[in-house]
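Take a look at the structure set out below.
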Amino acid sequence: LLAGLPTLAGAAIEDYFIGTDQLEANRSQVVVLDARQPPLYLLGHIEGAYSVPRDQFLDKRGGVKSLVPTTTAFEALMERFGITPETTVVTYAEDENPYAARLAWTLRYHGHEKVLVLDGGYEKWAAEERPTAILPTSPATPSHYRVSSPGKARAEADYVLTQLGNPTVVIWDTRTPEEYDGRKVRADRGGHIPGATHLNWTELQHEVNGVKVLRPESEIRALLASHGITSAQEVIAHCQTGIRSSYATLVLQALDYGEVKNYDGSWIEWANNQNFPIVNGADKSQPEEIAFLRN
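Each residue of the sequence shown is one higher than the last, beginning at 14 in this note's numbering.
In structure tokens, the structure reads:
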């Protein structure tokens, strides 16, 4: 079943997220990548999964961290785990950890569409007493991997800057409310990109049996619509370093939104560049449009 994904003409949730039942039933047909921190992998992981530390799929260029890896680095990563362009890959982390989505988005950006995120992550898998292991999985036989069609679902800072004020583009800030309004500062400046719509990425999930999983599609569509995030517009998602927004990007793509980009430089790049305008929402004395002009 999974070997043929994606099979539908239009996108669907099952083309981007996979349940524990489906993964266990098709375990021998896929390569599973564990995006958690290595110590957690050593305490227990899905049987047969490979550990992929974050620094192996996050790059630093021009002083900006957590960027998508270069084509050469990506190809080397895939080859290390015996992955070919025809391989179906499943990524996972903790249920509330968006790094599995970032790893999956990285594959999709480089043109590898046969990749899914395990909904509920390791917490759901372990709670259901599905096969786990302690010893690391034996190294894979290296493959030969070449990127043939790099994706386009990525935005860079200069592009985002040109879209400010464009009514056909929504900039979706997926961070916490405190980060958005400037009460919590995690860069040189606090606040948000002018005109950005705020919706915390965690709202895309809900708790079922003590585990965070993706909300039903109808609820997600209603939630997005209530925040003015519609498929009629181009959507550029961002967070602090493009991790949380990767989850949001995959959800939009799964809902068949046509134009979706993840700004992986995100707030850490934007706020640290004094030439880029910001709105410091913590300063309630200024209307947003005035604060925009003065920054």
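For every residue, glycine included, the Cβ atom is placed at its ideal position computed from N, Cα and C.
To test your reading of the DSSP string, which unbroken alpha helix (DSSP H) runs of 4 or more residues are found completely within the stretch 110 to 194? The stretch 110 to 194 contains these whole alpha helix (DSSP H) runs: 112 to 122, 134 to 140, 170 to 175, 190 to 193.
8 Å Cβ cutoff met for serine 279 and glycine 255: Start at 1 with the first residue of the sequence shown, and residue 279 comes out as number 266. Start at 1 with the first residue of the sequence shown, and residue 255 comes out as number 242. Cβ distance < 8 Å, so serine 279 and glycine 255 count as in contact.
Going along the chain, which residues of its own chain have a beta-carbon closer than 6 Å to the beta-carbon of aspartate 201, five neighbours each way excluded? The count along the sequence shown starts at 1 and reaches residue 201 at position 188. Cβ within range, chain order: Ala284, Asn285.
Just to confirm, are glycine 164 and isoleucine 184 a CB contact at a threshold of 8 Å? The count along the sequence shown starts at 1 and reaches residue 164 at position 151. The count along the sequence shown starts at 1 and reaches residue 184 at position 171. It is not a contact, given that the beta carbons lie outside the stated cut-off.
Nearest candidate by alpha-carbon position, reference serine 79, set Leu174, Leu116, Arg228: Position 66 of the sequence shown, counted from the start, is the residue given in the question as residue 79. Ranking the options by Cα distance to serine 79, first place goes to Leu116.
Closer than 8 Å is the cut-off here; do at least three beta carbon pairs connect the stretch 98 to 108 with the stretch 41 to 61? yes
My guess is that isoleucine 233 and leucine 263 are in contact by the Cβ rule of under 8 Å, so how many angstroms apart are they, rounded? Reading the sequence shown from its first residue, position 220 is the one you call residue 233. Reading the sequence shown from its first residue, position 250 is the one you call residue 263. Rounded, the Cβ-Cβ distance is 12 Å, inconsistent with contact.
Within 8 Å, strictly: CB atoms of lysine 73 and valine 102: Position 60 of the sequence shown, counted from the first residue, corresponds to residue 73. Position 89 of the sequence shown, counted from the first residue, corresponds to residue 102. In this structure, valine 102 does not lie closer than 8 Å to lysine 73 by Cβ.
The alpha helix (DSSP H) that contains valine 264, what's its start and end? Taking the sequence shown and counting its residues from 1, the one referred to as residue 264 is at position 251. Element bounds for valine 264: 257 to 267.
Under the assumption that proline 82 contacts threonine 119 (Cβ atoms under 8 Å), give the Cβ distance between them as a whole number of angstroms. For the purposes of this step, residue 82 is taken as the residue at position 69 of the sequence shown. For the purposes of this step, residue 119 is taken as the residue at position 106 of the sequence shown. Going by Cβ atoms, the distance from proline 82 to threonine 119 rounds to 7 Å, so yes, they are a contact pair.
Taking the CB atoms as reference points, tell me whether tyrosine 193 and histidine 219 lie closer together than 8 Å. Numbered from 1 along the sequence shown, position 180 holds the residue referred to as residue 193. Numbered from 1 along the sequence shown, position 206 holds the residue referred to as residue 219. The answer is no: Cβ separation not under 8 Å.
By how many angstroms is the C-alpha of proline 229 removed from the C-alpha of isoleucine 320? Because residue 320 is not part of the residues shown, which for the chain are 14 to 308, the question remains open.
Under 8 Å, with one C-beta from each stretch per pair, do the stretch 130 to 149 and the stretch 166 to 184 reach the 3-pair mark? Contact between the stretch 130 to 149 and the stretch 166 to 184 is not established, with fewer than three Cβ pairs separated by less than 8 Å.
8 Å Cβ cutoff met for phenylalanine 87 and tyrosine 63: Here residue 87 corresponds to residue number 74 of the sequence shown, with the count starting at 1. Here residue 63 corresponds to residue number 50 of the sequence shown, with the count starting at 1. The answer is no: Cβ separation not under 8 Å.
What's the gap between the Cα of threonine 85 and the Cα of lysine 274? In the sequence shown, counting from the first residue as 1, residue 85 sits at position 72. In the sequence shown, counting from the first residue as 1, residue 274 sits at position 261. If I take the Cα positions, the gap works out to 22 Å.
DSSP-derived helix/strand/coil call for alanine 250: Position 237 of the sequence shown, counted from the first residue, corresponds to residue 250. Three-state DSSP puts alanine 250 in a strand.
Got a sec? Which residues, its chain only, sit under 8 Å from aspartate 132 by beta carbon, not counting five neighbours each side? Along the sequence shown, one-based indexing puts residue 132 at 119. Excluding residues within five positions, the ones whose Cβ falls inside 8 Å are Phe30, Ile31, Gly32, Thr33, Val226, Leu227.
Going by alpha carbons, who is nearest to arginine 121 out of Asp28, Asn293, Pro152? Position 108 of the sequence shown, counted from the start, is the residue given in the question as residue 121. Residue Asp28 is the option with its Cα nearest to arginine 121.
Taking 8 Å as the limit between beta carbons, can you name the residues of its chain near asparagine 288, skipping five residues before and five after? Along the sequence shown, read from residue 1 onward, the residue named residue 288 stands at position 275. Counting only Cβ-Cβ distances below 8 Å, and skipping sequence neighbours, we find nothing.
Does DSSP put glutamate 60 in a helix, in a strand, or in coil? On the sequence shown, residue 60 is found 47 positions in, with the first residue counted as 1. Coil at glutamate 60, not helix or strand.
CB of alanine 48 within 8 Å of CB of alanine 113, strictly: Here residue 48 corresponds to residue number 35 of the sequence shown, with the count starting at 1. Here residue 113 corresponds to residue number 100 of the sequence shown, with the count starting at 1. Yes, they are a contact pair.
Determine whether the beta carbon atoms of valine 248 and leucine 236 lie at a separation below 8 Å. Taking the sequence shown and counting its residues from 1, the one referred to as residue 248 is at position 235. Taking the sequence shown and counting its residues from 1, the one referred to as residue 236 is at position 223. For valine 248 and leucine 236, no; Cβs fall outside 8 Å.
Should lysine 137 go down as buried or exposed, given a rule of 16 or more other Cβ atoms within 10 Å for buried? Translated into the one-based positions of the sequence shown, residue 137 becomes position 124. The residue is buried, with at least 16 neighbouring Cβ atoms inside 10 Å.
Report the rounded CA-to-CA distance for tyrosine 276 versus glutamine 42, giving the unit in angstroms. Here the question's residue 276 lines up with position 263 in the sequence shown. Here the question's residue 42 lines up with position 29 in the sequence shown. Answer to the nearest angstrom: the Cα atoms are 32 Å apart.
I need the straight-line Cα distance from valine 141 to valine 292, nearest angstrom please. Working through the sequence shown from its first residue, we reach residue 141 at position 128. Working through the sequence shown from its first residue, we reach residue 292 at position 279. One detail in the question is off: residue 141 reads as glutamate in this sequence, not valine. In a straight line, the C-alpha of glutamate 141 is about 45 Å away from that of valine 292.
How close, in whole Å, do the beta carbons of arginine 257 and arginine 167 come, if the pair is a contact with beta carbons under 8 Å? As a first step, residue 257 is located in the sequence shown; it is residue number 244 there, counting from the start. As a first step, residue 167 is located in the sequence shown; it is residue number 154 there, counting from the start. Actually they do not touch by this definition, with Cβ atoms about 15 Å apart.
Integer Cβ distance of glutamate 92 from tyrosine 158, believed to fall under 8 Å: Locating residue 92 in the sequence shown gives position 79, where the first residue counts as 1. Locating residue 158 in the sequence shown gives position 145, where the first residue counts as 1. Indeed, because the Cβ distance is near 5 Å, the residues count as touching under 8 Å.
Is DSSP giving isoleucine 291 helix, strand or coil here? Position 278 of the sequence shown holds residue 291. The answer is coil: DSSP assigns isoleucine 291 none of H, G, I, E or B.
Grouping DSSP H, G and I as helix and E and B as strand, with all else coil, what is isoleucine 233? Taking the sequence shown and counting its residues from 1, the one referred to as residue 233 is at position 220. Looking at isoleucine 233 - three-state DSSP - the assignment turns out to be helix.
State the DSSP-derived secondary structure class of glutamate 27, mapped to helix, strand or coil. Here residue 27 is taken as the residue at index 14 of the sequence shown, counted from 1. Helix, per DSSP.
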